[in-house]
Structure formats: C-alpha cells, structure tokens
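Q: Using this note's numbering, read the sequence shown as starting at 2 and increasing by one per residue.
Would you mind keeping the following structure in view while I ask a few things?
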Amino acid sequence: MTTTMHTAQISKPGGEWEVVEREIPEPGTGHVRVKVEACGICHSDVFVKDGLWPGLQYPRVPGHEVAGRIDAVGDNVRAWRPGQRVGVGWHGGHCCVCDQCRRGDFTMCVQRKVTGIDFDGGYAEYMLAPVTALAAIPEDVPAEEAGQFMCAGVTVYNALRHAGARAGEVVAIHGIGGLGHLGVQYARQMGFETVAINRGNDKESLARQLGAHHYIDASAHDAVTELQKLGGARVILATAPNAQAISALVDGLSPSGTLVVPAAPAEPLTINVGSLISGRRSVAGWYAGTARDAQDTLEFSALTGVHPMIETYPLQRVADAYEHMHSGRVRFRVVLTLHG
Ligand SMILES: [Zn+2]
Ligand SMILES: [Zn+2]
2 MTTTMHTAQI SKPGGEWEVV EREIPEPGTG HVRVKVEACG ICHSDVFVKD
52 GLWPGLQYPR VPGHEVAGRI DAVGDNVRAW RPGQRVGVGW HGGHCCVCDQ
102 CRRGDFTMCV QRKVTGIDFD GGYAEYMLAP VTALAAIPED VPAEEAGQFM
152 CAGVTVYNAL RHAGARAGEV VAIHGIGGLG HLGVQYARQM GFETVAINRG
202 NDKESLARQL GAHHYIDASA HDAVTELQKL GGARVILATA PNAQAISALV
252 DGLSPSGTLV VPAAPAEPLT INVGSLISGR RSVAGWYAGT ARDAQDTLEF
302 SALTGVHPMI ETYPLQRVAD AYEHMHSGRV RFRVVLTLHG
C-alpha cells in the first residue's frame, strides 16, 4: 500500500502553490483520517496564501470545505467509523473545557480551531480531523457539493435561521455571489418572502430561478425605497463586500429588523444610529457554526434541493483554480477534486 500522498501547500506568507508528496499521517486520540474527495477553495484561504493570520505556522495545507470518507480512526473515537462520509468545515473543533464550551456554546470556544489554518486542511488526498469537527454527509449529496455546505452554506443557513425572521416575512439577500446564491435558496426554502439585491440586471433571471420572489437592481433603483415598498425587510443578509452599500441598507429594515453581516468588508460600516433607535433595529455579525450546524445545513439542503453552483479543478491545477476564484469570473464557487 502506498504510504505517501499529494498535498497543495503554501510554505511562506505570499508564497506560491506547491504540490508536494508527504507521508500519509496517522490519526491520534480523538481524531480520524479523512480520504478527501473534494475541497472547496474559499476567499478565506487568502489568510494562508498571503500570511494574514497572526501566528500561522508554515508550511500549511489550506482547505476548510472538505468532503470525503473516514479512512482510519484514532483512539477514543466512538461515534465514527471507517467508510463513513464526512465533511470538515471552518469549525475545526473546540476544547470542551472552557467556559463557553461548558455553556454549550462550542462555536464561541476560546480555543476553537480553524481547519486549514490551525492544522492542515483539505487541499490534500488525506487529512486528519478531530471528531468535534465532523459532519455526516447524506448519501444523496455529492462530494463536490458537500464541501460548500461546510463553510459558505452553514454560514448563511445558520445566520438566516437565527436572525429572527418568521415564515412569510421579508428577507433580503444583498449580493448574489458565492454566499448570496446560497442565501437566496435558503431564504426561499425557509418560507420567507425572498428579495435578491444586486447591481445590474445580469443576475436577475438566475436569482429568480434560485427562488427570489423579488429582484432589486441596486444600480437602477434605490434598494431602501424598494425594500420599504415591501414593508421593510425583517432580515437583510449582506454578502457583498461593500461597506458603503451595506451601511445604507439599515434604512431598508422593518421595525425590529436585523442587518446580518456574515463576511467582513475591508472598510468599517457607517451606520445611521438614529435609524437603529427609531426602528429598534440592529446590525449583527455571524460566525459560521459547529459541525452539527453544518450537518443540519447538509440535511436541509438535501431535503429541499439547495445546490451550490461550482466549477471543479484537479488538485494539480490548484494555482489556476485559486486564481480563477479570485478573478471574480467564477460562478460561484471553485472546488478541488481528489481521488478520481
Ligand atoms: Zn470558507
Ligand atoms: Zn472551549
């Protein structure tokens, strides 16, 4: 049996992609080895590529949108067995002993790990993962799609289900890109009156296909005025990384509405606080979720027919794949495929 595998790594901040051969690692206590079938390329992988994560150790194999099969288990692994399909996402495990964990809020663990940042991720034929990072993948979700639900998917799904909107209320998705195209589908499937907001009309027919009841072209119309014609949005999920555009949307909220921002724009927001006060509105961040939240996302997606739009590349073409993702020409997510 072969004892080595291919991985794609970055060996220094700002370094180039290197496809190298490494020993296949053995899982330690509480860990499993995953034979990786697919791994999404995420905008957050720039933290590894460009050295933007304080204290990051190199060389590092990125990748936190992983789908594959358990291939070996370490000691003290009880609920997982070889052959099981699993996903590994941004949430790379928690300590189970800090105060947040003792309160059951594992996502907020003070020692939480991030897959592909604190330990090697899924740009590899095999990777190790702690059991606290594992989600079971339903049989009818293909591996190339499953990885997407482990980061982009769980982020928007979990944000939407915790944002306070009830069935029938207006929920707007701002930006129809990697996060937004999933957000529109989830909002529709969760029973919200779904509004897609984007600049231009080239994504209108797609947004409607994905389930949007309304489409607002923010370059031709004032998004706030259009949202207020619908009574205001109970929730606006802002996924376009444009601080000015996001800030302006506060006035498009209904009373008690929430503007949720799950991905950080480069600039700070400038919020009209009078609007927050007079409408009892709020602005909130959202941080991904646990592995079980990701499994909920997978199960809901399988149940309701939510699919990411992806383009696939083999691991050997990681540099092209990464560039394509950053070019903005991709519709909408790039996935590396491994083992076949
Ligand atoms: Zn990601
Ligand atoms: Zn903890």
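Every residue, glycine too, gets a C-beta built ideally from N, C-alpha and C.
Since C40 is in the beta strand (DSSP E), which residue starts that stretch and which ends it?
A: Start and end: 32-42.
Q: Going by C-alpha to C-alpha distance, which of T195, Q112, C43 sits closest to G123?
A: Ranking T195, Q112, C43 by Cα distance to G123 puts C43 first.
Q: Which class does N273 belong to by DSSP, given the choice of helix, strand or coil?
A: Looking at N273 - three-state DSSP - the assignment turns out to be coil, as it is neither helix nor strand.
Q: Exposed or buried, which one is S206 when buried takes at least 16 other CB atoms within 10 Å?
A: By the neighbour-count rule (16 or more Cβ atoms within 10 Å), S206 is not buried but exposed.
Q: Can A153 and G179 be called in contact, C-beta distance under 8 Å?
A: Yes, the pair counts as a contact, with Cβ atoms nearer than the cut-off.
Q: Go through its chain and collect everything with a Cβ distance to R209's Cβ below 7 Å, but skip five positions before and after it.
A: Only Y216 meet the Cβ criterion.
Q: Taking the beta carbon of G69 as the centre, do at least 16 other beta carbons fall within 10 Å, making it buried, or is it exposed?
A: Flag for G69 reads buried.
Q: Is the Cβ-Cβ distance between T4 and A125 less than 8 Å?
A: No, the Cβ-Cβ distance between T4 and A125 is not below 8 Å.
Q: The beta strand (DSSP E) spanning T313 covers which residue range?
A: 311-315 is the extent of the beta strand (DSSP E) around T313.
Q: Name, in chain order, the residues that DSSP records as bridge partners for Q229.
A: The partner list for Q229 (beta bridge, DSSP) is empty, contrary to what the question assumes.
Q: Give every residue of the same chain whose Cβ lies closer than 8 Å to the Cβ of V225, excluding the five residues on either side of it in the sequence, and list them in chain order.
A: The answer, listed in chain order, is A249, L250, D252, G253.
Q: Which residues have a Cβ closer than 5 Å to any heavy atom of ligand 1, listed in chain order?
A: Cβ-based neighbours of ligand 1 within the cut-off: C43, S45, C152.
Q: Which same chain residues, not among the five before or five after L53, have their C-beta less than 7 Å away from its C-beta?
A: Excluding sequence neighbours, L53 sits near V47.
Q: The beta strand (DSSP E) that contains L238, what's its start and end?
A: Where L238 is concerned, the enclosing beta strand (DSSP E) stretches over 234-239.
Q: Between which two residues does the beta strand (DSSP E) containing Y59 stretch?
A: Segment: none, Y59 is in no beta strand (DSSP E) and carries neither H nor E.
Q: Just how far apart, CA to CA, sit I138 and Q112?
A: Rounded to the nearest angstrom, the two C-alpha atoms are 26 Å apart.
Q: Mind pulling the beta strand (DSSP E) runs of 3 or more residues that sit fully within the segment 171-206?
A: Listed in chain order, the complete beta strand (DSSP E) runs (minimum 3 residues) inside the segment 171-206 are 171-175, 194-199.
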